[in-house]
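Residue numbers for the sequence shown follow the UniProt record's numbering, beginning at 1 and rising by one.
Yeah, the Cβ is synthetic: ideal placement off N, Cα and C, and Gly gets one too.
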Amino acid sequence: MEARLVMAVSSLRVRPEDWTPIGVKSLEANALKVVRAGINQSVIAGPGAGKTELLAQRAAFLLQTEAAPTPRRILAISFKRDAASNLAARVRKRCHSSHASRFDSMTFDAFAKGLLDRFGQALPEFWRPRPGYEITTYYERDYRNFLDLIAGSPPGDIGTKASLRAIGAKSFERKHLLGAPLPVAAWPKPDVAQWAMARFWHYSLHEGKKSVLTFPMIGRLVELLLRINPMVRDALRLTYSHLFMDEFQDTTQVQYDLVHTIFCGTDTVVTAVGDNKQQIMRWALAMDDPFSEFDADFGGLRTTLFNNYRSSPDLVRIQHVLAQALDSGAMEPISQTEGTIDGESCVILDFPSPKTEARHLAKTISAAIADKKLLPRDFVVLVRQKAGDYADVLRPAFEAEGLSLRNEAGTAGQIMLQELMTEDLSKHLVSLLRLAMNPRAGRHWSNCQTWLALLRGVAADEPGVQQKLAIDLDAFARALSANYPTPPGDEATSRSLVTEVLNFLGRERLSSSYPSYAHGDWLDTVIDSALKHLLDCSLNSIDWCSTLGGCRQ
1 MEARLVMAVS SLRVRPEDWT PIGVKSLEAN ALKVVRAGIN QSVIAGPGAG
51 KTELLAQRAA FLLQTEAAPT PRRILAISFK RDAASNLAAR VRKRCHSSHA
101 SRFDSMTFDA FAKGLLDRFG QALPEFWRPR PGYEITTYYE RDYRNFLDLI
151 AGSPPGDIGT KASLRAIGAK SFERKHLLGA PLPVAAWPKP DVAQWAMARF
201 WHYSLHEGKK SVLTFPMIGR LVELLLRINP MVRDALRLTY SHLFMDEFQD
251 TTQVQYDLVH TIFCGTDTVV TAVGDNKQQI MRWALAMDDP FSEFDADFGG
301 LRTTLFNNYR SSPDLVRIQH VLAQALDSGA MEPISQTEGT IDGESCVILD
351 FPSPKTEARH LAKTISAAIA DKKLLPRDFV VLVRQKAGDY ADVLRPAFEA
401 EGLSLRNEAG TAGQIMLQEL MTEDLSKHLV SLLRLAMNPR AGRHWSNCQT
451 WLALLRGVAA DEPGVQQKLA IDLDAFARAL SANYPTPPGD EATSRSLVTE
501 VLNFLGRERL SSSYPSYAHG DWLDTVIDSA LKHLLDCSLN SIDWCSTLGG
551 CRQ
């Protein structure tokens, strides 16, 4: 145990044969093989298998043993923001700051957008977005409207208006607009679908006040950019000795093609991790079988993890029944945790009406909070769709039990709440507020020191640096508490508070530390949404304690 503790804080190089897992008792045999491997791998890891811990331990091994040689870096790409930030936080726990600073964790969207913002002007003129482009989401109705009204009529030798309208809106997006890498130049003899695709790109890039792009469109532009600019592509290959792809089951063809163009056939070692029975984004352009394609293209070695560190034996058995419905050959995971619930851990209840169901849920949660000494944020209510409609039914019943219900599918400003609370700025804001407004905020103190050191580019474990950070944090927390003894009651006060936090953090430091804030107006969008959400939490609260209960960390 002592050796693992020293390794966790040491910046010295460790011989590969002397390296042991850090911060955990052990890893299952297959996981340890993945951590130490020097080849491309695809890892099948089901729910609770410890995917984040696996990648964090692999990062620690590569960085501490110099298998990822200085000054080269590790790039981790995830599908969702919270997964990217959780992995980065876990690596910081497992590594010395000098090692963790060589680990870049971001979403596919942030990775692609950062490259477009830096190098987009090198694209051919037809494919080149104007600076200050706008990011949007196109829906099926938008594609239908384009094909029926906006596109116009194709030239007679290409097709007719009827043939254009015959293109399905869904297939236009998935098959034609985003289905394949973009050509450098226009097709010499386009069919009607190719003509419509080129027309849509021109409409989005060059018509209107701004260029308007979706994230998948950005991914296609960046793939083209790197395909025709070998200097940029080679710079990425030299920068990153290793690539991790988390949540790989949700990878889209656009994202896969981008990674393939950059890293396939190079010395960059790629590890793809996910659960091939947990594809939640098939409807959102996800590939049908990304693992098999990866293994064929990258020569990946397939490895399966069997342990489940999250679910009790009862839940594992239930999950296995569902898994077998998808794959009759699915192996049953091995639960590594003890059950904490007496009696049935999973039941199906049928109610005569939504109101009856709402009352039962509210009373059940209220009783569990009282009996098991849990917190409201230990509970989540999941619905299949239209969370706002369900929230309207549930809220009165929950309020009758003294419980506050927050719809995380709702929005604050332009951002969904569940996305807003994974933003780094949001996390820092909540941490600082908890530190300043809570007299018993000890656990938030070290957390604030750690990320403040990262923002300032210093080592938090050096005595002189630690003292300076402590003085700065203490002074700011005292001032913030004095300036805002009660939660903001109007938008002007909420904006003023968030501005003070932003000034303390440093806008330039945020932009240099987090790629998604470095270009465009995303940082301003997050700031606006954060202050609005803070105000919403405050208006429904009586003090800072209840306000910060609504702003979960």
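Under the DSSP assignment, Asp117 falls in the alpha helix (DSSP H) whose first and last residues are 108 to 119. When C-alpha distances from Leu63 are compared across Arg81, Ser97, Asp82, Gln41, the shortest belongs to Ser97. Leu243: not part of any alpha helix (DSSP H); member of the beta strand (DSSP E) spanning 240 to 245, first to last residue.
When the Cα atoms are used, Asp250 and Ser42 turn out to be separated by approximately 14 Å. In the three-state reduction of the DSSP assignment, Gly274 falls in the strand class.
Val381 carries a coil assignment under DSSP once its states are collapsed to helix, strand and coil. For Ala84, the number of other beta carbons within 10 angstroms of its own is at least 16, and it is reported as buried. Under the DSSP definition of a beta bridge, Ser42 partners with Ala272, Arg302. Cβ-Cβ distances below 8 Å link Gln449 to Ala460, Gln466, Leu469, Ala470, Leu473 in the same chain, with the five nearest sequence neighbours on each side left out; the list follows chain order.
For Leu75, DSSP records a beta bridge to Asp104, Leu243. Distance from the Cα of Gly265 is smallest, within the candidate group Phe298, Ala272, Glu401, Thr271, for Phe298. A Cβ-Cβ separation of about 10 Å leaves Val273 out of contact with Phe291 under the 8 Å criterion.
Between Pro487 and Trp445, the C-beta spacing is not below 8 Å.
Per the C-alpha coordinates, the member of Leu349, Met416, Val269, Ser546 positioned closest to Arg36 is Val269. Inter-segment contact for the segment 177 to 191 and the segment 107 to 116 is absent: fewer than three beta-carbon pairs are separated by less than 8 Å. Contact between Lys161 and Ser153 holds, since their C-beta atoms are separated by about 5 Å, short of 8 Å.
Bridge partners of Asn307 according to DSSP: Ile334.
Put simply, the segment 116 to 133 touches the segment 207 to 227. At least three CB pairs are less than 8 Å apart. Met416 is bridged by DSSP to Thr411. Taking all protein chains shown into account, Asp18 has fewer than 16 neighbouring C-beta atoms within 10 Å of its C-beta and is therefore exposed.
Contact check for Thr271 against Arg72 fails: the beta carbons are separated by 8 Å or more. Contact annotation: Arg165 and Asp148 have beta-carbon atoms nearer than 8 Å.
Per DSSP, Phe146 lies in no alpha helix (DSSP H) segment and is marked neither H nor E. Its Cα nearest to that of Leu375, the residue Leu403 stands out among Ser513, Leu403, Leu315.
In the three-state reduction of the DSSP assignment, Ile471 falls in the helix class. Taking a C-beta distance under 8 Å as the contact criterion, Ala530 and Ser426 qualify as a contact pair.
Closest in alpha carbon position to Ala45, among Glu134, Thr304, Ile167, Leu417, is Thr304. Judged by DSSP secondary structure, Leu535 falls within the alpha helix (DSSP H) whose first and last residues are 522 to 539. With fewer than 16 other CB atoms across the displayed protein chains lying within 10 angstroms of its CB, Lys372 is exposed.
The DSSP-derived three-state label of Thr252 is strand. Ranked by how close their Cα comes to the Cα of Asp104, the residues Phe146, Ala180, Leu243, Arg13 have Leu243 in first place. Residue environment: Tyr133 is assigned as buried (16 or more neighbouring CB atoms within 10 Å of its CB, all protein chains considered).
Scanning Arg434, Met416, Asp490 for the CA closest to the CA of Arg81 turns up Met416. When beta bridges are read from the DSSP output, Ala286 appears opposite Thr252. Here the C-alpha atom of Gly489 lies approximately 33 Å from the C-alpha atom of Pro515.
With respect to the 8 Å criterion, Ile77 and Arg102 are not classified as neighbours on the basis of their beta carbons.
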